[in-house]
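As structure tokens, the structure follows; a few thoughts come after it.
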Amino acid sequence: MNMNQLIDMIVRTVIRRAVNSGVNAGFDAVSKLGQKNEPERTRTDQVKPQSDPEREKLRAMRQARRAARSSQG
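The opening residue of the sequence shown carries number 212 in my numbering; numbering runs sequentially from there.
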């Protein structure tokens with residue numbers, strides 16, 4: 212066995228292990244997606260922020276623009 216064959220064998224082994232670990236990680240990630248039935252609630256989800264009058268005004272303006280666009284088309 213010459214030096215090139217030895218190097219090729221080692222490189223193939225390293226690449227095979229890297230690919231297998233990547234494939235396993237992908238399968239693990241996909242299997243965890245199926246287990247997530249409901250996202251975890253955070254404190255911001257539980258407490259509603261106070262309504263800001265400026266924000267409400269901007270929201271109303273956007274809705275009016277959308278309504279105007281939809282009535283034109």
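All C-beta atoms, glycine included, are put in the ideal place defined by N, C-alpha and C.
Residue 238 and residue 231 have their alpha carbons spaced roughly 11 Å apart. Put simply, the backbone Cα of residue 246 is about 33 Å away from that of residue 224.
One alpha carbon belongs to residue 280, the other to residue 240, and they sit about 42 Å apart.
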